[in-house]
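What the sequence shown shows, in our numbering, is residues 44 to 754, in sequence order.
Where a beta carbon is used, it is the ideal one built from N, C-alpha and C, also for glycine.
Working notes, structure below.
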Amino acid sequence: MPETRTSVCALDCPDTCSVLVDIDTSGRAVRLRGNPKHPITRGFLCAKVTKYLDREYHPDRLLYPQRRIGQKGDGRFERVSWDTALDEIAERLSAIATNYGPEAVLPYSYAGTMGLLNGSGMDRRFFHRLGASRLDRTICSAAGSAALMASQGVRLGAPPEQFAQSKLIIAWGANILGTNVHLWPWIVEARRNGAKFYVIDPIRNRTGKLADRHYAINPGSDLALALGMAHVILRDGLHDPLYLAHHSNGFEEFQCLAAEYSPEKVARWTGIPAAGIEALAREYATTQPAAIRVNYGVQRSERGGSAVRAISALPVLTGAWRYAGGGMQLSTSGAFDINRAALERADLQLRSPLAREARLINMAQLGYTLAEVNDPPVKALVVYNSNPAAIAPHQTSVLAGLRREDLFTVVLEQFQTDTADYADFVLPVTTFLEHTDLYLAYGHYYFQLATPALPAPGETKSNVEIFRALARRMGFEEDCFNDTEEDMIRSLLDADSPYLRNITLEKLQAEGSVRLNLGPDGEPFLPFAQGGFKTASGKFEFGSETLKYTAPAESRWGDAELARRYPLELVSAKNDDSMNSTFGNRPDVDAQTAVLLIHPQDAAARQILDGMLVRAHNGRGKCYFEARVSTNVQPGVVRAHSVRWNKSSIAKLGINQLTSERLTDIGGGPTFYSCLVEVLPVTEPQQGHSQPVMSRTGHSDTPATNRHPLS
Ligand SMILES: Nc1nc2c(c(=O)[nH]1)N[C@H]1C(S)=C(S)[C@@H](COP(=O)(O)OP(=O)(O)OC[C@H]3O[C@@H](n4cnc5c(=O)[nH]c(N)nc54)[C@H](O)[C@@H]3O)O[C@H]1N2
Ligand SMILES: Nc1nc2c(c(=O)[nH]1)N[C@H]1C(S)=C(S)[C@@H](COP(=O)(O)OP(=O)(O)OC[C@H]3O[C@@H](n4cnc5c(=O)[nH]c(N)nc54)[C@H](O)[C@@H]3O)O[C@H]1N2
Ligand code: SF4
Ligand SMILES: [Mo]
Numbered sequence: 044m045p046e047t048r049t050s051v052c053a054l055d056c057p058d059t060c061s062v063l064v065d066i067d068t069s070g071r072a073v074r075l076r077g078n079p080k081h082p083i084t085r086g087f088l089c090a091k092v093t094k095y096l097d098r099e100y101h102p103d104r105l106l107y108p109q110r111r112i113g114q115k116g117d118g119r120f121e122r123v124s125w126d127t128a129l130d131e132i133a134e135r136l137s138a139i140a141t142n143y144g145p146e147a148v149l150p151y152s153y154a155g156t157m158g159l160l161n162g163s164g165m166d167r168r169f170f171h172r173l174g175a176s177r178l179d180r181t182i183c184s185a186a187g188s189a190a191l192m193a194s195q196g197v198r199l200g201a202p203p204e205q206f207a208q209s210k211l212i213i214a215w216g217a218n219i220l221g222t223n224v225h226l227w228p229w230i231v232e233a234r235r236n237g238a239k240f241y242v243i244d245p246i247r248n249r250t251g252k253l254a255d256r257h258y259a260i261n262p263g264s265d266l267a268l269a270l271g272m273a274h275v276i277l278r279d280g281l282h283d284p285l286y287l288a289h290h291s292n293g294f295e296e297f298q299c300l301a302a303e304y305s306p307e308k309v310a311r312w313t314g315i316p317a318a319g320i321e322a323l324a325r326e327y328a329t330t331q332p333a334a335i336r337v338n339y340g341v342q343r344s345e346r347g348g349s350a351v352r353a354i355s356a357l358p359v360l361t362g363a364w365r366y367a368g369g370g371m372q373l374s375t376s377g378a379f380d381i382n383r384a385a386l387e388r389a390d391l392q393l394r395s396p397l398a399r400e401a402r403l404i405n406m407a408q409l410g411y412t413l414a415e416v417n418d419p420p421v422k423a424l425v426v427y428n429s430n431p432a433a434i435a436p437h438q439t440s441v442l443a444g445l446r447r448e449d450l451f452t453v454v455l456e457q458f459q460t461d462t463a464d465y466a467d468f469v470l471p472v473t474t475f476l477e478h479t480d481l482y483l484a485y486g487h488y489y490f491q492l493a494t495p496a497l498p499a500p501g502e503t504k505s506n507v508e509i510f511r512a513l514a515r516r517m518g519f520e521e522d523c524f525n526d527t528e529e530d531m532i533r534s535l536l537d538a539d540s541p542y543l544r545n546i547t548l549e550k551l552q553a554e555g556s557v558r559l560n561l562g563p564d565g566e567p568f569l570p571f572a573q574g575g576f577k578t579a580s581g582k583f584e585f586g587s588e589t590l591k592y593t594a595p596a597e598s599r600w601g602d603a604e605l606a607r608r609y610p611l612e613l614v615s616a617k618n619d620d621s622m623n624s625t626f627g628n629r630p631d632v633d634a635q636t637a638v639l640l641i642h643p644q645d646a647a648a649r650q651i652l653d654g655m656l657v658r659a660h661n662g663r664g665k666c667y668f669e670a671r672v673s674t675n676v677q678p679g680v681v682r683a684h685s686v687r688w689n690k691s692s693i694a695k696l697g698i699n700q701l702t703s704e705r706l707t708d709i710g711g712g713p714t715f716y717s718c719l720v721e722v723l724p725v726t727e728p729q730q731g732h733s734q735p736v737m738s739r740t741g742h743s744d745t746p747a748t749n750r751h752p753l754s
């Protein structure tokens with residue numbers, strides 16, 4: 044009988060969709076659809092996950108454990124049994140822990156799956172019990188999260204449904220159509236009711252093109268813009284004195300600070316004319332309800348944390364939090380107030396040979412860590428839910444580290460990624476359609492349970508199963524290593540949180556998706572309408588002492604010598620049709636991520652024509668692209684979509700050859716979008732003189748760059 048099963052999209056996306064899986068009589072899935080009954084998914088999926096069955100049934104899926112036979116990076120392996128793989132891995136990890144101390148083992152994972160069990164469950168228990176180094180998972184949202192924690196004390200935001208009631212919506216470094224498409228229908232509804240929609244983004248992307256106004260801000264200057272807007276609001280007395288008096292701390296200092304940021308001054312940093320800043324600030328302050336959707340694009344630059352903090356001050360200044368359809372959303376994840384201690388069992392570190400809390404290693408500095416950290420050095424790396432060889436900054440140093448002969452590397456993967464090519468063992472894992480997990484969301488307030496919709500192919504296992512089996516091999520005897528998925532869910536729900544009251548495994552099993560308890564039924568959830576900030580003072584903290592603006596050192600207004608040598612700012616933002624590097628094996632995605640947008644003026648100055656093969660380089664490395672001459676970027680800014688697989692790129696050089704390991708102002712996040720480069724045409728010597736090379740990658744199905752003489 045054909046049937047339809049329900050699942051949850053596990054990709055790192057704020058929308059966390061409820062997915063329907065149509066299955067034919069032979070048991071094969073034939074279609075994925077958005078669940079029409081789910082209040083956020085509302086019957087549609089993004090284009091990339093609509094096509095996910097291609098990935099599910101792809102002939103390149105990894106199905107068996109493999110052991111390396113070639114050089115590191117070659118990607119040559121032999122098939123081995125699970126017993127052989129697990130025995131050998133357990134033996135090597137034990138030996139390394141004994142010889143160097145358990146902190147010589149480093150887990151490396153991010154949000155390849157957002158599932159709590161497979162993303163921060165049995166894996167964490169395993170590494171805590173071992174006494175392994177702890178990984179500081181900063182690669183994405185650390186700066187913005189630190190900002191929200193400092194100012195609001197909690198990561199809560201306006202619910203997406205309420206955007207329909209807004210009269211003014213600002214997408215601030217948020218490519219909503221590409222990365223958060225389920226918010227879009229509410230924006231459409233709001234606009235139908237007369238709302239204005241503005242976008243603040245250095246790039247004119249699909250979202251910017253559909254806006255009433257697009258402010259092409261200089262990369263990394265958002266802190267200045269937010270202060271400039273505050274300047275106008277306060278100067279013109281458009282603030283909400285009652286809200287500020289009751290619910291904020293440090294307002295007087297903030298007022299003094301903002302006074303220094305006149306629109307004229309801010310215009311020079313941001314590239315937005317003073318009159319535009321004036322108008323935007325006044326309109327924002329005098330329109331209620333007004334909502335800001337700020338996404339993580341803003342915080343990937345040197346002053347990114349402070350930028351988010353200053354932006355979060357705007358709805359406090361105007362009292363926008365009072366209204367349904369007002370306020371701000373960066374993340375909603377703070378409402379999923381689960382019992383992390385029970386899920387992750389950090390206490391097991393005390394039972395490890397280390398007998399204390401292990402050291403913390405910043406994942407945004409993997410290259411540095413593998414080269415320099417020496418107390419003890421990292422001797423084993425266990426990678427899952429991530430592809431650091433492609434996605435981590437300063438790729439030359441990351442790859443040098445992965446190539447180290449004395450580094451024992453295990454990679455749990457669905458596909459043979461760039462990172463898997465460097466593994467000593469590759470272990471095949473299930474997809475979200477094949478395992479049980481529980482999903483929180485960072486763009487809405489529904490908790491969702493997924494049980495397997497499809498059988499696990501070949502010998503694939505979930506992360507949970509693999510770490511459970513490894514724990515047994517290592518002789519870890521604690522009961523928690525026998526926990527079933529259901530046991531784990533019960534323990535993480537056993538939390539002292541009003542948001543989780545009455546949410547049980549049984550309820551999740553019965554309903555699939557459960558709205559958190561956010562207050563009385565039928566009443567809008569207004570997280571900060573009456574204050575209720577979760578800082579120590581219980582008030583919004585302006586933190587003015589941290590908000591003085593200076594341009595990012597790595598920008599056209601920063602280090603002058605650097606900017607002279609590398610005069611273009613590279614923004615390597617997300618690709619609409621993929622998910623970081625996850626779909627990098629798809630030819631269409633490969634072509635989309637092979638392109639560099641460059642403004643006609645910058646192209647002309649360098650004799651670059653549309654379609655030409657170009658090289659972007661800086662002091663750290665280089666990467667080749669097909670040039671697309673376009674006014675969707677401003678002069679001085681170039682844009683490439685992330686993240687192409689290294690192995691599909693010319694000379695196997697990925698975009699993160701160009702990015703640095705410099706960290707953000709707060710939170711220790713990476714600064715992917717503070718990146719200066721120079722771009723030049725690639726010329727080939729031909730019959731005595733140089734000829735520019737036309738790239739053929741863009742529109743064909745096979746990445747022609749693979750065939751290029753430079754590869
Ligand atoms: N289709 C798709 N969806 C995704 C992903 C994907 O790869 N593809 N990745 C997922 C992940 S991991 C994340 S973290 C989220 C991220 O979601 P977003 O934060 O929306 O994505 P980004 O592309 O990083 O940045 C958003 C926008 O910020 C702009 N931007 C860059 N620098 C600046 C700046 O200095 N100031 C301002 N104002 N804007 C700036 C970029 O041009 C981009 O249009 O998306 C998730 N969803
Ligand atoms: N230049 C540049 N670099 C960037 C960014 C950028 O914008 N520009 N964005 C950064 C950001 S925001 C992020 S979040 C990171 C993302 O970087 P990563 O966290 O590495 O994310 P992905 O590239 O999507 O790779 C996730 C991998 O997890 C695997 N996977 C999926 N499900 C499972 C599972 O259940 N088990 C196991 N073991 N594996 C699974 C997938 O097959 C995939 O290869 O990249 C960062 N790097
Ligand atoms: S990637 Fe995002 S929008 Fe696409 S199906 Fe998954 S959760 Fe939904
Ligand atoms: Mo991310």
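Discussion item. With a threshold of 7 Å (Cβ to nearest heavy atom), would residue 339 be considered close to ligand 4?
Written reply: Locating residue 339 in the sequence shown gives position 296, where the first residue counts as 1. Yes - ligand 4 has a heavy atom lying nearer than 7 Å to the Cβ of residue 339.
Item to complete: Could you tell me whether the region 612-630 touches the region 677-695, using the rule of 3 or more Cβ pairs below 8 Å?
Response: Touching, yes.
Item to complete: May I ask whether a heavy atom of ligand 1 can be found less than 7 Å away from the beta carbon of residue 64?
Response: By 1-based counting over the sequence shown, the position of residue 64 is 21. Not a single heavy atom of ligand 1 lies less than 7 Å from the C-beta of residue 64.
Worksheet item: When you compare only the Cα positions, how much space is there between residue 91 and residue 72?
Response: The residue labelled residue 91 in the question sits at position 48 within the sequence shown. The residue labelled residue 72 in the question sits at position 29 within the sequence shown. Going by C-alpha positions, residue 91 is about 16 Å away from residue 72.
Discussion item. Just verifying my parser: in three-state terms, what is the DSSP assignment at residue 746?
Written reply: Your numbering for residue 746 matches position 703 in the sequence shown. Unreliable positioning characterises residue 746 in this predicted model, as indicated by a pLDDT of 36, which lies under 50. The coordinate reading is nonetheless provided below. Coil, per DSSP.
Item to complete: In angstroms with no decimal places, state the Cα-to-Cα distance between residue 256 and residue 467.
Response: In the sequence shown, counting from the first residue as 1, residue 256 sits at position 213. In the sequence shown, counting from the first residue as 1, residue 467 sits at position 424. About 52 Å.
Worksheet item: So what does residue 257 bridge to, in DSSP terms?
Response: Numbered from its first residue, the sequence shown carries residue 257 at position 214. In DSSP, residue 257 forms a bridge with 242.
Worksheet entry | Close-in-space but distant-in-sequence residues of the same chain around residue 639 (CB under 8 Å, 5 per side omitted) | Sequence index remark: in the sequence shown, residue 639 carries index 596 (1-based). Within the same chain, residue 639 has close Cβ partners 657, 659, 668, 669, 670, 671, 681, 682, 683 and 722.
Worksheet entry | Beta-bridge partners of residue 660, as assigned by DSSP | Here residue 660 corresponds to residue number 617 of the sequence shown, with the count starting at 1. Among the bridge pairs identified by DSSP, residue 660 is matched with 665 and 721.
Worksheet item: Taking the alpha-carbon positions, what's the residue 635 to residue 618 distance?
Response: The residue you call residue 635 lines up with position 592 of the sequence shown. The residue you call residue 618 lines up with position 575 of the sequence shown. Distance between the alpha carbons of residue 635 and residue 618 is about 7 Å.
Worksheet item: Closer than 7 Å: is that where the CB of residue 52 sits relative to any heavy atom of ligand 3?
Response: Start at 1 with the first residue of the sequence shown, and residue 52 comes out as number 9. For residue 52, the Cβ falls inside the 7 Å cut-off from some heavy atom of ligand 3.
Item to complete: Verify the contact flag: residue 620, CB atom, against every heavy atom of ligand 4, threshold strictly below 7 Å.
Response: For this step, residue 620 is matched to residue 577 along the sequence shown. For ligand 4, not one heavy atom lies less than 7 Å from the Cβ of residue 620.
Discussion item. At a cut-off of 7 Å, would you count residue 107 as near ligand 2, judging by its Cβ distance to the nearest heavy atom?
Written reply: If you number the sequence shown from 1, residue 107 lands on position 64. Not one heavy atom of ligand 2 falls within 7 Å of the beta-carbon of residue 107.
Worksheet item: Where residue 486 and residue 334 are concerned, what is the direct C-alpha to C-alpha distance, given to the nearest angstrom?
Response: On the sequence shown, residue 486 is found 443 positions in, with the first residue counted as 1. On the sequence shown, residue 334 is found 291 positions in, with the first residue counted as 1. Rounded to the nearest angstrom, the gap between the Cα atoms of residue 486 and residue 334 is 14 Å.
Worksheet item: According to the neighbour-count rule (16 or more other Cβ atoms, all chains shown, within 10 Å of its Cβ), is residue 52 buried or exposed?
Response: For the purposes of this step, residue 52 is taken as residue 9 along the sequence shown, with counting starting at 1. It counts as buried.
Discussion item. Less than 8 Å between the C-beta atoms of residue 432 and residue 445, yes or no?
Written reply: As a working note, residue 432 is residue 389 in the sequence shown. As a working note, residue 445 is residue 402 in the sequence shown. Yes. Within cutoff.
Worksheet item: If you measure from the CB of residue 19, is any heavy atom of ligand 3 nearer than 7 Å?
Response: Examination of residue 19 is not possible in this model, given that the chain is present from 44 through 754 alone.
Worksheet item: Which of helix, strand or coil does DSSP assign to residue 620?
Response: If you number the sequence shown from 1, residue 620 lands on position 577. In the three-state reduction of the DSSP assignment, residue 620 falls in the coil class, being assigned neither a helical nor a strand state.
Item to complete: In the DSSP assignment, find the unbroken beta strand (DSSP E) run with residue 493 in it and report its ends.
Response: Along the sequence shown, one-based indexing puts residue 493 at 450. In this chain, the beta strand (DSSP E) harbouring residue 493 covers 489-493.
Worksheet item: Given that a residue counts as buried once 16 or more other Cβ atoms are within 10 Å of its Cβ, and exposed if not, what is residue 482?
Response: For the purposes of this step, residue 482 is taken as the residue at position 439 of the sequence shown. Counting of Cβ neighbours within 10 angstroms places residue 482 among the buried residues, the total reaching 16 or more.
Worksheet item: Is any heavy atom in ligand 4 found nearer than 7 Å to the beta carbon of residue 89?
Response: Residue mapping note: residue 89 aligns to position 46 of the sequence shown, counting from 1. Remark: the C-beta of residue 89 is outside contact range of ligand 4, defined as less than 7 Å to any heavy atom.
Item to complete: Can you check DSSP and say which residues form a bridge with residue 197?
Response: Your numbering for residue 197 matches position 154 in the sequence shown. Partner(s): none; residue 197 has no beta bridge.
Worksheet item: Any idea what DSSP makes of residue 292, helix, strand or coil?
Response: As a first step, residue 292 is located in the sequence shown; it is residue number 249 there, counting from the start. The three-state secondary structure of residue 292, taken from DSSP, is strand.
Discussion item. Quick check on DSSP: helix, strand or coil for residue 120?
Written reply: By 1-based counting over the sequence shown, the position of residue 120 is 77. Under the three-state reduction of DSSP output, residue 120 falls in the strand class.
Fill in: Distance between residue 501 and residue 703 (C-alpha atoms, nearest Å)
By one-based count along the sequence shown, residue 703 stands at place 660. By one-based count along the sequence shown, residue 501 stands at place 458. Their Cα atoms are separated by approximately 39 Å.
Fill in: Neighbour-count burial assignment, residue 56, 16 or more Cβ in a 10 Å radius
Position 13 of the sequence shown holds residue 56. It counts as buried.
Worksheet entry | Nearest to residue 568 (by Cα), restricted to the options 306, 237, 366 and 264 | By 1-based counting over the sequence shown, the position of residue 568 is 525. Shortest Cα-Cα distance from residue 568 to any of 306, 237, 366 and 264 involves 366.
Practice prompt. Return yes when the Cβ of residue 489 is within less than 8 Å of the Cβ of residue 426, no when it is not.
Written response: Mapped onto the sequence shown, residue 426 falls at position 383. Mapped onto the sequence shown, residue 489 falls at position 446. Residue 426 is not a Cβ neighbour of residue 489, given a cutoff of 8 Å.
Worksheet entry | Contacts around residue 195, its chain only, beta-carbon distance under 6 Å, and the 5 residues preceding and following it disregarded | Residue mapping note: residue 195 aligns to position 152 of the sequence shown, counting from 1. If the five residues before and after residue 195 are omitted, its C-beta is found closer than 6 Å to the C-beta atoms of 576, all from its own chain and listed in chain order.
Worksheet item: For residue 752, which three-state DSSP category applies?
Response: Your numbering for residue 752 matches position 709 in the sequence shown. Its pLDDT being 34, under 50, residue 752 is placed unreliably in this model, and the value from its coordinates should be taken loosely. In the structure shown, residue 752 sits in coil (DSSP, three-state: anything other than H, G, I, E or B).
Worksheet item: Hey, is residue 203 close to ligand 1, as in C-beta under 7 Å from one of its heavy atoms?
Response: Mapped onto the sequence shown, residue 203 falls at position 160. Residue 203: no, Cβ never under 7 Å from ligand 1.
Worksheet item: Using 8 Å as the threshold, is the region 201-208 in touch with the region 368-378, meaning 3 or more CB pairs across them?
Response: Short answer: they touch.
Worksheet item: Skipping 5 residues on each side, what residues in its chain have a beta carbon closer than 7 Å to that of residue 533?
Response: Position 490 of the sequence shown, counted from the first residue, corresponds to residue 533. The residues 548, in chain order, have a CB closer than 7 Å to that of residue 533 in the same chain once the five nearest residues on each side in sequence are set aside.
Practice prompt. For residue 645, count neighbouring C-beta atoms within 10 Å of its own C-beta (all shown protein chains included) and say buried if the count is 16 or more, exposed if not.
Written response: Locating residue 645 in the sequence shown gives position 602, where the first residue counts as 1. Buried, since its Cβ has 16 or more Cβ neighbours within 10 Å.
Worksheet item: Can you give the Cα-Cα distance for residue 409 and residue 470, rounded to whole angstroms?
Response: Against the sequence shown, residue 409 aligns to sequence position 366. Against the sequence shown, residue 470 aligns to sequence position 427. Each residue's Cα considered, the two are about 21 Å apart.
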